[in-house]
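As structure tokens, the structure follows; a few thoughts come after it.
Residue numbers (my numbering): 18 to 104.
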């Protein structure tokens, strides 16, 4: 596993722990703003994980595709992902 995937895995494991904590906060009837802040923190970790996965994809999959004259398909995949991210 390369560095980007390891970082993504770490971010996702941390987000999983935070989400478990958020569920517990809701069950305990904790203050809504505190819960919201934890949700925002979890979202930030998910975004970081996605960035690492996309970085890995660009550095390895897309690069390899261009070396084998198959880059256009990978560019379309990236455009599709960017379109989803911008919504």
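Note that the Cβ used here is the ideal one computed from N, Cα and C, for glycine as well.
When the beta-carbon positions are compared, residue 29 and residue 66 come within less than 7 Å of each other. Look at the beta carbons and you see the stretch 20 to 28 touching the stretch 70 to 83: at least three pairs across the two are nearer than 8 Å. Following the DSSP letters along the chain, one finds residue 20 inside the alpha helix (DSSP H) bounded by residues 20 to 44. The beta carbon of residue 55 sits closer than 8 Å to those of 35, 38, 39 and 42, all from its chain and outside the five residues before and after it, given in chain order. According to the DSSP assignment, residue 49 belongs to the alpha helix (DSSP H) that extends over 49 to 73. Cβ neighbours of residue 62 within its own chain (closer than 6 Å, five residues either side excluded): 28, 31 and 32. Residue 82 and residue 93 do not touch by the CB rule: their CB atoms are close to 11 Å apart, not below 8 Å. Taking C-alpha positions only, residue 95 is separated from residue 19 by approximately 20 Å.
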